[in-house]
Amino acid sequence: MTLYEDNKELYDSIPAEKFKRVERDEAIHDAKFQTKPICFLKDVWLRFTKNKASVCAAIVILIIAVLAIFGPGMNRFKYDEQYPDRVNMPPKIPAIANLNLGIFDGGYVLKNRQYDSISDTTKYPNDCIINVTNPQVVNGVRMVDVEVDYYKYLGISDDECYWFGSDYLGRDIWTRLWRGARMSLIIAVVSVACNVVIGLLYGSIAGYYGGTVDMILMRITEILNAFPRIVIVTLFVMVAGTGMFSIIMALIIKDWVPTARMIRSQFYRFKGSEYVLAARTLGVRDMALIFRHILPNSMGPIITSSMIAVPTAIFAESFLAYIGLGLQAPETSIGVMLSQGQKVLLHYPTQVVFPAIVISLLMISFNLFGNGLRDAFDPTLRGAE
Amino acid sequence: MRKKRLFAAAIAAVMSVSMLAGCGQKDATGENLVFEDATSSAGANQTGSADNETASDPNGEKPTDEGYGILREANTSTIGSLNPHTYINSYSSEQIKRASVALYTYFPNEDYTFCDLSGELAAEDPIQVDEEGKVWQIKLRDGVTWENGDALNADDVIYTWKMILDPKLANLRASNFAKDVIEIENAMAYFEGSCAWEDVGLKKIDDLTVEIHTVSKQSAQEIMTHLAHPANVMVNEEYYEKYMNADRTETMYGTSADKWISAGPFTVESWTNDAEIKFKKNPNYIFKDKIWLAGIDVKVVEDAGTQMQLFENGETDYISLSTDNYVKYQEDPRLLTAPYNSVSHITINTANPDQPILANEKFRQALFYATDRDSIASLTYQEPADYIVPTTHIIDLENGIYFRDTEEGKANEYENNGYDPEKAKQLFEEALEETGIEKVSLTMIYNDTGVQVTTSEFLQQNWPKVLGEDKFELKLQSMPSSQRGDQMRNWASDPTCYEISWGGWDSTDLMPWNAFKYWTSYYSAKNEPFISEEFDKIFDDANSGADRFDEGVRLKEVAEMERLLVDDAIIIPVTQNTYKYLKSDRLQLTMKNWANRVGYGWDYAKIVE
Chain A
1 MTLYEDNKEL
11 YDSIPAEKFK
21 RVERDEAIHD
31 AKFQTKPICF
41 LKDVWLRFTK
51 NKASVCAAIV
61 ILIIAVLAIF
71 GPGMNRFKYD
81 EQYPDRVNMP
91 PKIPAIANLN
101 LGIFDGGYVL
111 KNRQYDSISD
121 TTKYPNDCII
131 NVTNPQVVNG
141 VRMVDVEVDY
151 YKYLGISDDE
161 CYWFGSDYLG
171 RDIWTRLWRG
181 ARMSLIIAVV
191 SVACNVVIGL
201 LYGSIAGYYG
211 GTVDMILMRI
221 TEILNAFPRI
231 VIVTLFVMVA
241 GTGMFSIIMA
251 LIIKDWVPTA
261 RMIRSQFYRF
271 KGSEYVLAAR
281 TLGVRDMALI
291 FRHILPNSMG
301 PIITSSMIAV
311 PTAIFAESFL
321 AYIGLGLQAP
331 ETSIGVMLSQ
341 GQKVLLHYPT
351 QVVFPAIVIS
361 LLMISFNLFG
371 NGLRDAFDPT
381 LRGAE
Chain B
386 MRKKRLFAAA
396 IAAVMSVSML
406 AGCGQKDATG
416 ENLVFEDATS
426 SAGANQTGSA
436 DNETASDPNG
446 EKPTDEGYGI
456 LREANTSTIG
466 SLNPHTYINS
476 YSSEQIKRAS
486 VALYTYFPNE
496 DYTFCDLSGE
506 LAAEDPIQVD
516 EEGKVWQIKL
526 RDGVTWENGD
536 ALNADDVIYT
546 WKMILDPKLA
556 NLRASNFAKD
566 VIEIENAMAY
576 FEGSCAWEDV
586 GLKKIDDLTV
596 EIHTVSKQSA
606 QEIMTHLAHP
616 ANVMVNEEYY
626 EKYMNADRTE
636 TMYGTSADKW
646 ISAGPFTVES
656 WTNDAEIKFK
666 KNPNYIFKDK
676 IWLAGIDVKV
686 VEDAGTQMQL
696 FENGETDYIS
706 LSTDNYVKYQ
716 EDPRLLTAPY
726 NSVSHITINT
736 ANPDQPILAN
746 EKFRQALFYA
756 TDRDSIASLT
766 YQEPADYIVP
776 TTHIIDLENG
786 IYFRDTEEGK
796 ANEYENNGYD
806 PEKAKQLFEE
816 ALEETGIEKV
826 SLTMIYNDTG
836 VQVTTSEFLQ
846 QNWPKVLGED
856 KFELKLQSMP
866 SSQRGDQMRN
876 WASDPTCYEI
886 SWGGWDSTDL
896 MPWNAFKYWT
906 SYYSAKNEPF
916 ISEEFDKIFD
926 DANSGADRFD
936 EGVRLKEVAE
946 MERLLVDDAI
956 IIPVTQNTYK
966 YLKSDRLQLT
976 MKNWANRVGY
986 GWDYAKIVE
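Chains A and B, in that order, are what the protein sequence lines are. FYI, the numbering for the first sequence is 1 to 385, going by this note's numbering. FYI, the numbering for the second sequence is 386 to 994, going by this note's numbering.
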């Protein structure tokens with residue numbers, strides 16, 4: 001029984017003209033997006049560029065990287081070239097020196113000099129004295145601090161400049177600094193890259209297969225993680241000897257563990273999802289499932305965590321250099337320069353200031369850059385702003 | 386709003402620039418400076434210029450029993466133990482000497498220009514008893530007491546000697562006492578447990594006389610020198626026994642202030658291990674008239690920068706200057722410099738099978754001639770040295786003749802401090818030809834701190850420049866000094882343990898012939914595999930040969946030993962270090978100059994404040 005059959009009379013009594021035929025002439029379409037469609041990476045890029053701090057950090061990293069590549073070739077000095085008669089020179093950059101700001105002008109204060117000898121031109125040639133201060137009498141001898149143009153004091157011609165000064169063997173600090181930055185970056189990037197590869201393989205196997213395999217693999221990482229990092233790294237370098245390779249190896253020993261754990265958790269997140277099930281049903285092999293279907297979804301966290309690992313590696317290398325386990329001379333790194341500069345901090349502060357600035361910039365930039373990337377890759381923040 | 390911000394930024398920029406540039410007028414001539422006496426403004430009680438120092442000397446004309454003023458020191462080393470039989474570093478031995486009495490010791494001489502080796506506990510020089518010169522008697526002073534008033538006599542001397550050699554205690558210093566400058570009869574045998582104490586050549590004759598029997602003929606001077614070693618100071622039987630463990634293998638004597646008793650110039654007032662030790666003048670000391678100070682405070686300050694600050698703030702009275710600090714104070718009138726007792730040299734592992742070229746004499750000589758000592762010396766503020774016996778070493782103590790001033794000493798020195806690039810290159814080429822090696826790549830191990838860093842890195846560039854960069858390469862491997870020492874001394878069991886490295890022995894400056902023991906084939910902690918019968922024979926002749934007291938014999942033998950080491954480039958001498966001290970005004974030295982064994986005589990100085 002239908003509604004019509006039940007009320008047949010009533011319905012039939014309605015005149016036909018009261019009805020109007022409803023019909024669409026056009027085909028039915030979905031509503032069009034108001035905005036352009038964008039892919040995931042493009043979205044990441046958009047969100048990243050909105051974060052000003054990260055963009056600045058990326059630019060700073062880029063500048064340092066460029067200087068690390070081309071800096072050592074920018075003047076005539078080589079990083080291991082020694083000038084025993086020009087040790088511990090103060091920094092001098094002619095363009096800045098001409099501004100009379102009191103910096104980068106090759107000025108240096110010679111402490112505790114005998115006042116009676118400052119007119120002696122064999123000792124202080126070529127009008128090199130800029131200022132005489134701190135007069136005092138010590139044991140009946142008049143003593144002063146003499147600020148001199150150190151380049152004139154040593155009789156070095158005007159066109160020869162150590163932009164960032166020279167060290168205890170007369171080596172140019174500018175050249176060494178960028179050479180050192182290059183070494184530090186290479187050590188950091190290579191060790192992080194190795195960590196990512198190892199962590200990725202290890203984590204994906206543990207995460208994908210699960211069960212006993214996962215249990216065994218994860219217990220191994222826990223054992224590794226139980227050892228204090230500094231102790232392991234120090235011992236390793238002491239046993240394997242100092243050198244670039246062993247430092248990189250030392251930074252790999254246990255630093256891949258966090259990556260492995262992160263990848264494993266990503267696999268647990270995706271391996272049960274429908275698209276993986278579908279692919280599996282269609283007979284896709286394990287390796288293809290791991291590397292083609294699941295892994296690409298984890299790229300965001302991987303990139304982010306490796307960016308944050310870079311400054312940690314730079315810092316670890318500096319720490320090793322600081323305790324005397326750095327690269328072997330004449331090779332240098334930021335850590336080696338810091339360790340050498342710290343010894344003469346009170347006498348030649350510029351020798352520690354420049355590497356300190358570079359390492360600080362690198363650390364903060366990589367951290368900000370990493371944070372920016374993390375936010376940009378985070379799917380939950382998609383379209384949040 | 387934006388304008389305001391810009392304005393603020395501009396002001397900030399201007400301010401920072403003016404701060405960087407520094408305010409005030411520059412004065413390039415210093416004509417308008419007003420000089421103030423830095424010494425008088427530093428302390429309220431200070432006397433100011435040197436002129437009126439003597440007028441108001443608070444010390445009086447003779448040292449009082451209490452003494453006057455505290456000498457304040459800071460040092461990087463710590464004192465592990467005051468037990469003279471177990472101490473490790475020479476710094477500890479200096480502190481032990483301050484609070485101990487020895488049979489003989491080095492005092493400043495009468496006019497405070499040199500050292501004087503004479504009896505401290507001993508009343509006079511040793512007396513020869515037999516005709517051969519192998520039996521010697523030592524008379525002790527009467528009335529010498531320990532800090533607590535107990536008498537110190539022959540029993541204490543014999544007990545001390547017995548304990549040094551005790552086979553169960555197995556002291557570090559035992560072999561040194563048994564045989565060094567003199568060899569005591571059966572002492573080594575007793576230490577090794579193969580004879581009884583009664584057989585050892587150390588006897589008590591009466592309460593104030595002891596007797597020593599030696600193996601070979603000795604002189605009184607040699608007996609005194611041997612006994613003046615800081616390890617041979619007297620120990621107190623009561624305390625030594627009290628802190629001995631049950632099986633008599635170890636004693637805690639001298640490990641803290643309450644486990645120690647003094648009889649020396651000073652007593653230990655308080656001692657915080659690894660932090661501070663305070664000495665107080667001992668009013669019962671035999672030579673209390675030589676000591677002006679009321680006491681000495683020694684602080685442990687590990688950081689050189691902090692030490693410098695302490696000195697600059699007037700909290701310590703003198704400081705040993707690092708190279709960098711020396712640069713800052715090189716014109717300071719308070720600076721004291723003197724040549725140091727040691728020559729730093731390159732040691733070569735000639736027996737390394739991986740580097741057969743190291744066994745080639747010409748190659749080693751090439752390295753010798755390729756070493757630019759003048760440049761290294763100017764980089765490190767040391768003296769260039771193409772010799773191994775330092776300038777401080779005395780060959781004739783009676784006449785005060787330094788070895789380097791003798792004809793024989795001068796004959797061992799080279800032109801241009803041994804730097805001759807052409808000769809080096811030629812020798813290197815010959816060595817390559819002889820060995821058939823085409824390219825040499827050596828690894829040098831060195832300390833990761835101090836001047837070795839500078840010198841090693843300098844040589845890394847300098848040697849290839851001289852010898853040819855395509856044929857010679859020096860690699861560097863830095864490590865902590867203790868690790869380097871262990872690695873080097875391993876050469877006997879592991880010949881490949883090192884190739885070249887550094888050495889520098891602090892040696893006995895009054896007996897250069899004795900200092901060569903480090904290169905004899907029987908020395909236990911040798912640095913390099915140098916074994917030469919010829920060398921051993923000359924060493925034995927110089928140290929115990931019958932004709933060693935004849936005029937000029939030892940001089941020739943020392944010169945010969947030096948030649949054997951340096952001419953064949955067994956070691957390559959590089960620099961001789963210098964003492965660099967800065968002394969405060971409140972400290973007045975009684976020593977007129979640096980002298981062997983007593984140095985600047987800090988313990989004999991006065992405080993004038």
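Glycine included, C-beta positions come from ideal geometry on N, C-alpha and C. This one's a predicted model, so the numbers in the text were calculated from it and none came from an experiment.
- Short of 6 Å from the beta carbon of P511 of chain B, and not among the five residues preceding or following it, lie these beta carbons of its own chain, in chain order: W521, I523, A605 and I608.
- Distance from G180 of chain A to I334 of chain A at the Cβ level is roughly 5 Å; contact confirmed, criterion being Cβ atoms closer than 8 Å.
- Given a length threshold of 3 residues, each whole run of the beta strand (DSSP E) inside the segment 698-782 of chain B is given here in chain order: 703-705, 720-733 and 779-781.
- Around the C-beta of K92 of chain A, 16 or more other C-beta atoms lie within 10 Å, and the residue is accordingly described as buried.
- Nearest to M249 of chain A by alpha-carbon distance, out of A:S305, A:A97 and A:I198, is A:I198.
- By the rule that beta-carbons nearer than 8 Å mark a contact, K713 of chain B touches chain A.
- Boundaries of the alpha helix (DSSP H) harbouring F245 of chain A: M244 to I252, taken from the DSSP string.
- In summary, K36 of chain A is exposed, with fewer than 16 beta-carbon neighbours lying within 10 Å of its beta-carbon over all protein chains present.
- The three-state reading of DSSP puts L320 of chain A in helix, counting H, G and I together.
- Contact of Y168 of chain A with chain B is assigned, a C-beta pair being separated by under 8 Å.
- Rounded to whole angstroms, L154 of chain A and P958 of chain B show a C-alpha spacing of 30 Å.
- Cβ atoms of V257 of chain A and L320 of chain A stay farther apart than 8 Å, at about 19 Å.
- Legend: CB atoms of the segment 859-888 of chain B lying less than 9 Å from CB atoms of chain A belong to residues K860, L861, Q862, S863, M864, P865 and Q868.
- DSSP places D116 of chain A within a helical segment (H, G or I) once states are collapsed to three.
- Note on geometry: alpha-carbon atoms of L861 of chain B and N734 of chain B lie some 15 Å from one another.
- In the structure shown, V585 of chain B adopts coil according to DSSP, grouped into three states.
- The Cβ neighbour count for N667 of chain B, taken over all protein chains shown within 10 Å, is at least 16; the residue is labelled buried.
- Below the 7 Å Cβ cutoff, chain B contributes no neighbours of R179 of chain A, its closest Cβ being approximately 15 Å away.
- According to the DSSP secondary-structure assignment, N460 of chain B is paired through a beta bridge with B:V685.
- Within the segment 69-92 of chain A, D80, E81, Q82, P84, D85, V87 and N88 place their CB atoms closer than 9 Å to a CB of chain B, listed in sequence order.
- For P806 of chain B, not one C-beta of chain A is nearer than 8 Å to its own C-beta.
- The Cβ atoms of F354 of chain A and F164 of chain A sit closer than 8 Å to each other.
- Per DSSP, Y83 of chain A is not a residue of any beta strand (DSSP E), being assigned neither H nor E.
- Proximity of L764 of chain B to chain A, defined by a Cβ-Cβ separation below 8 Å, is satisfied.
- Per DSSP, reduced to three states, the secondary structure at D894 of chain B is coil, with no helix or strand assignment.
- At a beta-carbon threshold of 9 Å, the residues of chain A lying near T414 of chain B are I118, S119, I129 and V132, ordered along the chain.
- For C500 of chain B, the enclosing beta strand (DSSP E) covers residues C500 to G504.
- At a cut-off of 8 Å between C-beta atoms, D709 of chain B counts as an interface residue with respect to chain A.
- Ranking A:I129, A:A65 and A:M307 by CA distance to the CA of R182 of chain A puts A:A65 first.
- A distance below 6 Å between beta-carbons, with the five flanking residues on each side excluded, links G300 of chain A to the following residues of its chain, in chain order: F377.
- The way I'd put it, the segment 135-153 of chain A doesn't touch the segment 14-32 of chain A; fewer than three beta-carbon pairs between them come closer than 8 Å.
- Beyond the five residues adjoining it in sequence on each side, F48 of chain A comes within less than 7 Å, by CB distance, of S54, G372, L373 and A376 in the same chain, given in chain order.
- Going by C-alpha positions, L3 of chain A is about 23 Å away from E23 of chain A.
- In terms of beta-carbon proximity, V353 of chain A stays away from the interface with chain B, with every pair separated by 8 Å or more.
- For the segment 308-338 of chain A, the set of residues with a beta-carbon nearer than 7 Å to any beta-carbon of chain B comprises G324, Q328, A329 and P330, in chain order.
- Here the alpha carbon of Y670 of chain B sits roughly 19 Å from the alpha carbon of I662 of chain B.
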